[in-house]
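I have placed the structure first, in the form of structure tokens, so that the comments after it can refer back to it.
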Amino acid sequence: MNTLTLSAKPWRISLGCLALTALLATSALAQSFPSKTVRIIEPAGPGSAVDVFARKLTQDLAKRLGQSVVVENRPGANSAIGAREAARAAPDGHTLFHANINNSLNDLLTRDPCCLLNEALIPITKLTSTPLVMVVNPGLGVKSLKEYLALGKSQPQSLTFASGGNGSITQLLGTKINLVTGLQAREIPYKAIGAELPDLLAGHVGAAYLAPVVVAQHIRSGKLIALGVAGARRIPILPEVPTMAEAGLANVEASGWNGLFVPAGTPRTVIQRLQTDVAAVMASPAFREDAQNMGYELGGEGADEFSAYIKSELQRWGQVIRDGNIKAE
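No gaps in the numbering here: position 242 of the sequence shown is 247 in the working numbering, and each next residue is one more.
The structure is reproduced here in structure tokens:
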């Protein structure tokens with residue numbers, strides 16, 4: 006017994022030294038962070054609504070961090086290309102990923118271990134959420150959701166809706182509306198969110214579900230007709246547009262959300278520093294006013310709360326994927 010006890014001591018000491026070394030290294034990283042330029046990998050294309058928001062955030066965030074903050078666009082594969090690059094980055098807080106809801110939906114369809122949210126990529130904070138607006142081309146001949154539903158039932162093959170591709174939130178919202186109403190609106194997929202707008206304006210596709218900031222000017226000009234906001238309440242940027250429930254379709258809500266993530270293994274203290282600084286930037290009156298004018302609801306919550314929100318979204322949209330028999334491509 007004595008021999009075994011004595012021989013185990015060096016092993017315990019070795020483990021203790023390793024743990025202490027790791028702790029000291031983590032502490033040193035947290036104290037020196039950031040030590041270089043912080044980059045935000047943006048999976049949407051330049052000029053998109055989320056890209057514009059990310060670039061606006063960098064201006065004040067750089068001041069708080071004391072380092073440059075740059076946005077690098079990596080669009081493609083329904084946001085998966087950017088996610089893979091971010092997940093492979095060093096877990097030191099200098100590479101952030103600007104994930105959106107499509108990344109969580111990717112996780113439901115493909116379960117790629119490389120870049121699962123809440124696993125390979127750890128949340129910092131939610132930035133914004135905004136309910137999608139259902140819009141149609143005036144050439145469709147409808148001015149309300151009730152008229153749209155009536156047209157779909159009288160001419161089952163006449164309706165089309167645009168989506169951001171397989172597994173996108175716009176595909177799932179269109180699918181859910183088909184499921185709850187019995188419509189047979191045909192999906193027209195596009196390579197990226199927002200890419201459908203030119204075809205929608207030209208009348209090549211009948212309906213779409215887009216961010217308020219993207220369609221507000223076209224609604225006001227009469228180039229598009231808004232049928233409903235897929236949220237619990239009306240939005241300040243389009244106060245005249247009813248919610249889907251007010252328009253006659255209850256329990257159909259879908260918000261595009263986005264937030265910041267870091268590779269797994271990033272020290273908790275670094276995550277907390279980033280969350281605190283990002284929340285402080287978004288709390289400024291000027292920033293909040295600009296966000297409201299763009300139709301956004303701002304987040305800023307802690308990592309744990311954001312993580313729980315992502316889990317709830319996975320559960321909700323996972324049901325639509327199963328009911329709609331949507332498969333990974």
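Note that the Cβ used here is the ideal one computed from N, Cα and C, for glycine as well. Values in this document were obtained by computation on a predicted structure and should not be read as measured data.
C-alpha gap between residue i and residue j, whole angstroms
| i | j | result |
| --- | --- | --- |
| P241 | Q162 | 35 angstroms |
| G98 | G71 | 14 angstroms |
| M299 | V220 | 11 angstroms |
| R238 | P247 | 8 angstroms |
| T115 | L121 | 10 angstroms |
| V210 | V275 | 46 angstroms |
| P39 | T100 | 11 angstroms |
| A94 | E77 | 13 angstroms |
| A88 | L150 | 36 angstroms |
| T135 | H103 | 16 angstroms |
| S168 | S37 | 44 angstroms |
| P244 | G304 | 21 angstroms |
| L164 | S109 | 28 angstroms |
| G307 | A190 | 39 angstroms |
| A85 | R293 | 29 angstroms |
| R44 | K131 | 17 angstroms |
| Y195 | E201 | 6 angstroms |
| N83 | N171 | 8 angstroms |
| S312 | E90 | 21 angstroms |
| T133 | Y301 | 6 angstroms |
| W322 | I315 | 11 angstroms |
| T281 | R69 | 10 angstroms |
Assigned secondary structure, residue i (DSSP; H/G/I helix, E/B strand, else coil)
| i | result |
| --- | --- |
| R89 | helix |
| G261 | strand |
| I242 | coil |
| S338 | In the structure as shown, the chain starts at 6 and stops at 334, and residue 338 therefore has no counterpart that could be examined. |
| I147 | Here residue 147 is Val; the residue named in the question, Ile, does not match the sequence. Coil at V147, not helix or strand. |
| P96 | coil |
| A200 | coil |
| V220 | helix |
| A59 | helix |
| L101 | strand |
Residue range of the unbroken beta strand (DSSP E) whose run includes residue i
| i | result |
| --- | --- |
| G330 | The sequence as given places Asn at residue 330; Gly does not occur at that position. Run containing N330: none; DSSP gives neither H nor E here. |
| R79 | Element bounds for R79: n/a, residue is neither H nor E. |
| L232 | I230 to V234 |
| V185 | Looking at the DSSP string, V185 is not in any beta strand (DSSP E); the run it does join, the alpha helix (DSSP H), is I174 to T186. |
| L121 | Where L121 is concerned, there is no enclosing beta strand (DSSP E), given that its DSSP letter is neither H nor E. |
Sequence-distant residues of the same chain with beta carbon closer than 6 angstroms to residue i, five excluded per side
| i | result |
| --- | --- |
| D65 | V286 |
| G144 | G208 |
| S73 | T42 and A67 |
| H223 | L229 |
| G270 | P96 |
In DSSP terms, what residue i is bridged to
| i | result |
| --- | --- |
| I127 | V267 |
| E192 | F166 |
| V43 | V74 |
| S134 | W262 and E302 |
| V140 | A213 and A231 |
Residues of its chain near residue i, where Cβ-Cβ distance is below 7 angstroms and the 5 sequence neighbours each way are ignored
| i | result |
| --- | --- |
| I106 | I174, G261, W262 and E318 |
| G50 | D56, N78, P80 and A197 |
| Q297 | P241 |
N- and C-terminal bounds of the alpha helix (DSSP H) containing residue i
| i | result |
| --- | --- |
| F38 | Unbroken run through F38: none, as it is neither H nor E. |
| V286 | R273 to A288 |
| L114 | I106 to L114 |
Chain-order list of residues whose beta-carbon lies under 8 angstroms from that of residue i (same chain, five-residue window excluded)
| i | result |
| --- | --- |
| T26 | Residue confidence is low: T26 scores 45 on pLDDT, short of 50, so the model does not pin down where it sits. No coordinate-derived value is stated. |
| P118 | E124 and A125 |
| A255 | M249 |
| L184 | V325, D328 and G329 |
| D295 | K61 |
Near the ligand GDP: residue i beta-carbon under 7 angstroms from a heavy atom
| i | result |
| --- | --- |
| Q280 | No copy of the ligand GDP occurs in the structure displayed, which carries no ligand at all. |
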